[in-house]
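In the numbering used here, the protein residues as written are 8 to 148.
Right under this line is the structure:
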């Protein structure tokens, strides 16, 4: 059994992990930090994917629902890669997928396509323009 006693601003936060794993193979601190907390992080990733509409499986056929789930999973993988590759080292390196989707990807812009370039114009009041430009530049080869 591993116990963690923590007192936060909101109050007490005790944690207990009861396991049948051998204490020689898993000392208390690595058991809690590497195994138990990693499991919680995995559950957070599953919850995070729900923000990309993977819970909306309400079409008439199973194939259509499966396709929706594939698209949602692909969207999660792409946003996670964006967070890892383009937003690493920024204030949004640990941001939730929903935050990235709403504040960085779901924005109003005027797009003009010419033969040589694609022009994207944002409103002057877009607060994360510099972060968007930094992410764009990080993704360019």
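Positions of the beta carbon are idealized from the N, C-alpha and C atoms, including for glycine.
Measure the beta-carbon distance from residue 99 to residue 138 and round it to whole angstroms, keeping in mind my assumption that it falls under 8 angstroms. About 7 angstroms; that satisfies the 8 angstroms criterion.
Can you tell me whether DSSP reads residue 133 as helix, strand or coil? In the structure shown, residue 133 sits in coil (DSSP, three-state: anything other than H, G, I, E or B).
What residue from 18, 17, 34 has the CA that sits closest to residue 25's CA? Minimum Cα distance to residue 25 is reached at 34.
Kindly indicate which three-state DSSP category residue 125 falls into: helix, strand or coil? DSSP places residue 125 in strand when its eight states are reduced to three.
Terminal residues of the continuous alpha helix (DSSP H) containing residue 73? Looking at the DSSP string, the run of the alpha helix (DSSP H) that includes residue 73 is 69–92.
How is the alpha helix (DSSP H) around residue 104 delimited, first residue to last? 104–107 is the span of the alpha helix (DSSP H), which, as asked, contains residue 104.
Where the beta strand (DSSP E) containing residue 117 begins and where it ends: DSSP places residue 117 inside the beta strand (DSSP E), whose first and last residues are 116–120.
By how many angstroms is the C-alpha of residue 129 removed from the C-alpha of residue 117? Approximately 7 angstroms between the Cα atoms of the pair.
Under 8 angstroms by Cβ, that's how I've got residue 103 and residue 55 pegged, so tell me the actual separation to the nearest angstrom. Between residue 55 and residue 103 the Cβ distance is about 6 angstroms, and since that is below 8 angstroms, they are a contact.
Pull up the CB-CB distance for residue 89 and residue 16, whole angstroms please, since I reckon it's below 8 angstroms. Cβ-Cβ separation between residue 89 and residue 16: approximately 32 angstroms, too far for a contact (criterion under 8 angstroms).
Among the residues of its own chain, which have a CB less than 6 angstroms from the CB of residue 12, if the five just before and after it don't count? Contacts found: 21.
Taking Cβ to Cβ, would you say residue 9 is nearer than 8 angstroms to residue 39? A distance below 8 angstroms separates the beta carbons of residue 9 and residue 39.
Tell me whether residue 71 is buried or exposed, calling it buried when 16 or more other Cβ atoms sit within 10 Å of its Cβ. Exposed, because fewer than 16 other Cβ atoms sit within 10 Å of the Cβ of residue 71.
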